[in-house]
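Structure first, then comments.
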Amino acid sequence: MSSEHRLYYTKPSTSFPTSLPLGNGRLAASVLSSPTLETFILNEVTFWSGKAQNPGEGLPEILRDPKAELRETQKCYLNGDYAKGKERAEKYLESKKLNFGTNLGIGKLNIAVKGQENVDDIRGFERELGFDEAVAETRYGLKGRQFKRRSFLSHPHQVLVVQFEGDDLSGLEVAVNVQGENEAFTSKINGDAKLEFEAQALETVHSDGTCGTKGYGVVAVTVDEGKVDHKDGKLIISAKKGITVLVTFNTDYNEPTDVWRKRSSLQMEEALKLSTDDLFKAHLEDYQTLYHRTSISLGPGASSTFKAPTDQRRQNFEPSGYADPGMFALYFHYARYLTIAGTREDSPLPLHLQGLWNDGEACKMGWSCDYHLDINTQMNYFAILNSGLTDLMQPLVKYLVSLATSGQDAARVCYGCEGWVAHVFSNAWGFADPGWEVSYGLNVTGGLWMANHLIEMYEYSLDEAFMSSDAWPVLLNAAKFFLDYMIQDPKTGWLLTGPSVSPENSFFAVNGNGEKEEHYAALAPTLDVALLRDIFAFCEYAATKLNAEKLDWASEIQNYREAQSKLPPFQVGKNGQLQEWLHDFEEAQPYHRHLSHTMALCRSALISARHQPHLAEAARVTLERRQGRDDLEDIEFTAALFALNYARLGDAERAVAQIGHLVGELSFDNFLSYSKPGVAGAEKNIFVIDGNFGGAAAIAEMLIRSIIPRLGGPVEIDLLPALPTSWLEGTVKGMRIRGGLEADFSWHDGRLDSVVFKASAASSLIVFYGEHQFEKAYQSGDVIQLGPSLQAQS
Numbered sequence: 001m002s003s004e005h006r007l008y009y010t011k012p013s014t015s016f017p018t019s020l021p022l023g024n025g026r027l028a029a030s031v032l033s034s035p036t037l038e039t040f041i042l043n044e045v046t047f048w049s050g051k052a053q054n055p056g057e058g059l060p061e062i063l064r065d066p067k068a069e070l071r072e073t074q075k076c077y078l079n080g081d082y083a084k085g086k087e088r089a090e091k092y093l094e095s096k097k098l099n100f101g102t103n104l105g106i107g108k109l110n111i112a113v114k115g116q117e118n119v120d121d122i123r124g125f126e127r128e129l130g131f132d133e134a135v136a137e138t139r140y141g142l143k144g145r146q147f148k149r150r151s152f153l154s155h156p157h158q159v160l161v162v163q164f165e166g167d168d169l170s171g172l173e174v175a176v177n178v179q180g181e182n183e184a185f186t187s188k189i190n191g192d193a194k195l196e197f198e199a200q201a202l203e204t205v206h207s208d209g210t211c212g213t214k215g216y217g218v219v220a221v222t223v224d225e226g227k228v229d230h231k232d233g234k235l236i237i238s239a240k241k242g243i244t245v246l247v248t249f250n251t252d253y254n255e256p257t258d259v260w261r262k263r264s265s266l267q268m269e270e271a272l273k274l275s276t277d278d279l280f281k282a283h284l285e286d287y288q289t290l291y292h293r294t295s296i297s298l299g300p301g302a303s304s305t306f307k308a309p310t311d312q313r314r315q316n317f318e319p320s321g322y323a324d325p326g327m328f329a330l331y332f333h334y335a336r337y338l339t340i341a342g343t344r345e346d347s348p349l350p351l352h353l354q355g356l357w358n359d360g361e362a363c364k365m366g367w368s369c370d371y372h373l374d375i376n377t378q379m380n381y382f383a384i385l386n387s388g389l390t391d392l393m394q395p396l397v398k399y400l401v402s403l404a405t406s407g408q409d410a411a412r413v414c415y416g417c418e419g420w421v422a423h424v425f426s427n428a429w430g431f432a433d434p435g436w437e438v439s440y441g442l443n444v445t446g447g448l449w450m451a452n453h454l455i456e457m458y459e460y461s462l463d464e465a466f467m468s469s470d471a472w473p474v475l476l477n478a479a480k481f482f483l484d485y486m487i488q489d490p491k492t493g494w495l496l497t498g499p500s501v502s503p504e505n506s507f508f509a510v511n512g513n514g515e516k517e518e519h520y521a522a523l524a525p526t527l528d529v530a531l532l533r534d535i536f537a538f539c540e541y542a543a544t545k546l547n548a549e550k551l552d553w554a555s556e557i558q559n560y561r562e563a564q565s566k567l568p569p570f571q572v573g574k575n576g577q578l579q580e581w582l583h584d585f586e587e588a589q590p591y592h593r594h595l596s597h598t599m600a601l602c603r604s605a606l607i608s609a610r611h612q613p614h615l616a617e618a619a620r621v622t623l624e625r626r627q628g629r630d631d632l633e634d635i636e637f638t639a640a641l642f643a644l645n646y647a648r649l650g651d652a653e654r655a656v657a658q659i660g661h662l663v664g665e666l667s668f669d670n671f672l673s674y675s676k677p678g679v680a681g682a683e684k685n686i687f688v689i690d691g692n693f694g695g696a697a698a699i700a701e702m703l704i705r706s707i708i709p710r711l712g713g714p715v716e717i718d719l720l721p722a723l724p725t726s727w728l729e730g731t732v733k734g735m736r737i738r739g740g741l742e743a744d745f746s747w748h749d750g751r752l753d754s755v756v757f758k759a760s761a762a763s764s765l766i767v768f769y770g771e772h773q774f775e776k777a778y779q780s781g782d783v784i785q786l787g788p789s790l791q792a793q794s
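All residue numbers for the sequence shown refer to the UniProt record's numbering, where the first residue is 1 and numbers rise by one.
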């Protein structure tokens, strides 16, 4: 298998940072493998502690007239009284955690092998995760016999499959058991010689330890020329040729009584009717349909490098100056693998802080393994559309509909406003209230930022049915909230959000005594302005389309136009930087990890080097000032954001250095990204999956960039806009871009060979490459072929 499509190691795995992740969009397993023990850390996306709570339940008090209180608080900020504004925000808009909860691990499936204890006799130990087949495999030799273990998580049959094969398994005893994470876990051997286990998601950091989803699982074993027995709650297996272990698990999340429990048994019954080969064939057909949609290659490297174990390649990556282009392709394909393994069209919930997996660390601290709405959940979806995996956005779309429903109650209770709002984080039950502290909890555009993915989905597909049926209802009601919520500055006429934070940064404001005070909340931080400009522009466009269908949206269209005209402009501060807040405050944390205000550049068409060069240059100054700090909070999503912004600025070498840093220094040996100790309360490296997806998105942006400056207008495409010198040659196939387009292209010696665009919608494009430019209108089904100077080819 190509080294760009696998993780490969010659050392056993004994801890999560070296484990290999499997998933089927709902159920997950992290595989730890050694000659004597195969362990699977089991996770499930709905296995959550906590429970749903009423809107405003955690607030200090339910206000009779929250709109009036909101206006009084906003006036404090308008008058520059930040201390009084903070006092009021803490009094009325600071929730208690109550039973918010967290996604927890289920437990561990242990498969112990007796008869191979003398590890000195082990020869040729290898383990790998193959992206092309979504299979984890371990191979080794012992006393002249060869052994192999293969495992995969089937989406069609919702079962974990573990195969033990070898020249001869005689003399080995395999013991299978399941251990839980808390005292609520029990297991037993039933009358059919299957291992059953019960679990409940209970913990006391993010809930009171009494509430959480319940789960039921079944473990069954089949053998080829052998027998299955049991002892001390374990399945004891001996066989000559082969052993297959099957696992199913379901929870009661949003399920009627006993349906979920019966599902685990039925899934096992169906899996046992099929051979392992048939299970694998169905798994492969299902998975490869998705994985083969897109592929990239970034040129050859030394053959010895490609053959080296992944952890050794990674150790040499930074000292070599990231001169291993195959590692970047590997990271891109790994993100695609993690996406398909982590979420499917029918997944009950979207990707959370750790995707679908869980190292147990975020659950132990104040973060919670939840839906962080101030960059982490958003970044989980940064790379999904360009990989042609639009259908895997459905769990997020479904979740947004649910969040918008609970967010209507939050808007009414917290602010007395129409529409819907969600703040800094959410959970399995659509929590939408403010967070536990004003410093981060008043991220009032958190839900809107999530919903902006719907705009991006439309930009990629130009699917008007999706626009009207899915995107419009959610975004319409988000826009309603902000039109009702914002206050107009009597001095400037600007419409201002707030109190709101620029996640999760702070600034110094001067009080009436001339003293500096550190504050987090303000009016109209730049992130809010960027998100609102995009949503109001979308709503104006969508309402115009609907109006063309004889619906009376004329007044709505005018509202969106006026709102856009009254939003504050992006501003350049005294240091030449893009301002993060409405006023040019002194940063209290100039080393901060969040770069929220740069979303106008790296995730929007609001700022581009072509159309707004002075603002693009200000964004560059922001990046350089932040990156130039020795005390920079250097974590996974920060590196990805630097790379994305530099890619949009066309700075190839800085972009590739940031992705290289992410791969080489901010990822475990299994390439899962992490957040460093000392940042946001972390005491050790904690797995956070957003870096994997953000890094992949940056790689795509370096190869091809697409923006639609104005909806309904042409898509602007830049080919190889940030190609580093180390990526001298390469091929891209099936890359999706905005405008309903798919692109195939290649280059040699750093120069474009050719590009082919395939259209699935009607629009127009403008293609840029170096000094060359090409323009054309196209229809669905059109194929546009261009040469190295963008000349049309037949």
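Here a beta-carbon is modelled for each residue, glycine too, at the ideal position from N, C-alpha and C. As the structure is a prediction and not an experimental result, all values here were calculated from the model.
Please state whether DSSP places GLY342 in a helix, a strand or coil.
-> helix
Can you tell which of ASN177, GLN158, VAL205 has the C-alpha that lies nearest to the C-alpha of TRP260?
-> GLN158
Taking just the CA atoms, how far does LEU601 sit from SER764?
-> 23 Å
With DSSP collapsed to three states, give me the class of THR257.
-> coil
Nearest-angstrom Cα separation, counted from LEU153 out to HIS283 | 8 Å
For SER297, three-class secondary structure by DSSP | strand
In angstroms, rounded to a whole number, what distance separates the CA positions of ALA522 and GLN579?
-> 13 Å
Ignore the nearest five residues each way along the sequence and tell me which others in THR544's own chain have a CB closer than 7 Å to its CB.
-> ILE557
To the nearest angstrom, how far is it from the Cα of LEU632 to the Cα of GLY124?
-> 43 Å
Where the beta strand (DSSP E) containing GLN394 begins and where it ends = It is not in any beta strand (DSSP E) - GLN394 instead sits in the alpha helix (DSSP H) that spans 394 to 410.
Run through DSSP, which three-state label would LYS75 get?
-> helix
Using a Cβ cut-off of 8 Å (strictly closer), state whether ALA643 contacts chain E.
-> Looking for chain E here will not work: only one protein chain is present.
Let me know if ASN386 comes out buried or exposed under the rule of 16 or more other beta-carbons within 10 Å of its beta-carbon.
-> buried
Taking the alpha helix (DSSP H) that ALA28 falls in, what are its first and last residues?
-> Not the alpha helix (DSSP H): ALA28 falls in the beta strand (DSSP E), residues 27 to 34.
CB ALA451 to CB LEU400, shorter than 8 Å?
-> yes
Quick one: give me the first and last residue of the alpha helix (DSSP H) that SER439 is part of.
-> 438 to 441
Below 8 Å on the Cβ atoms is my guess for ASN477 versus GLY419; work out the distance and round it to an integer in Å.
-> 5 Å
Which of helix, strand or coil DSSP assigns to TRP449 | helix
Measure the alpha-carbon distance for GLU437 versus LEU290 and round it to whole angstroms.
-> 41 Å
Taking just the CA atoms, how far does LEU298 sit from SER794?
-> 27 Å
Are there 16 or more other CB atoms within 10 angstroms of the CB of THR14, so buried, or fewer, so exposed?
-> exposed
Within its chain, find whatever has a CB closer than 6 Å to the CB of ALA28; leave out the 5 residues flanking it on each side and keep chain order.
-> ASN43, LEU356, TRP357
PHE466 to VAL397 span [Cα, whole Å] | 11 Å
Strand pairing of LYS108, partner residues [DSSP] = ILE41, GLN179
Report yes if the CB atom of GLN773 is closer than 8 Å to the CB atom of SER754, and no otherwise.
-> no
Under the three-state reduction of DSSP, which class applies to THR244: helix, strand or coil?
-> strand
Is the beta carbon of GLU126 sitting closer than 8 Å to the one on ARG139?
-> yes
For GLU775, collect the residues of the same chain with a Cβ closer than 8 Å to its Cβ; drop the 5 residues on either side in sequence, then sort them by chain order.
-> PRO714, SER764, LEU765, ILE766, VAL767
For the beta strand (DSSP E) containing VAL162, list its first residue and its last residue.
-> 159 to 166
The beta strand (DSSP E) with MET735 in it runs from where to where?
-> 730 to 737
Can you tell me the Cβ-Cβ gap for VAL679 and ARG593, rounded? I've got them flagged as a contact below 8 Å.
-> 6 Å
Can you tell me where the alpha helix (DSSP H) with PHE642 in it begins and where it stops?
-> 636 to 648
ARG625 versus TYR591: straight-line alpha-carbon distance, rounded = 9 Å
Hey, GLY171 and PHE147 are a contact pair by Cβ (cut 8 Å); roughly how many whole angstroms apart?
-> At roughly 12 Å, the Cβ-Cβ gap does not stay under 8 Å, so GLY171 and PHE147 are not in contact.
Cβ shell of ARG336 (< 8 Å), same chain only, five flanking positions each side left out | PHE131, TYR291, THR294, ALA383, SER387, LEU389, ALA696
Those residues which DSSP pairs with VAL228 across a bridge = ILE237
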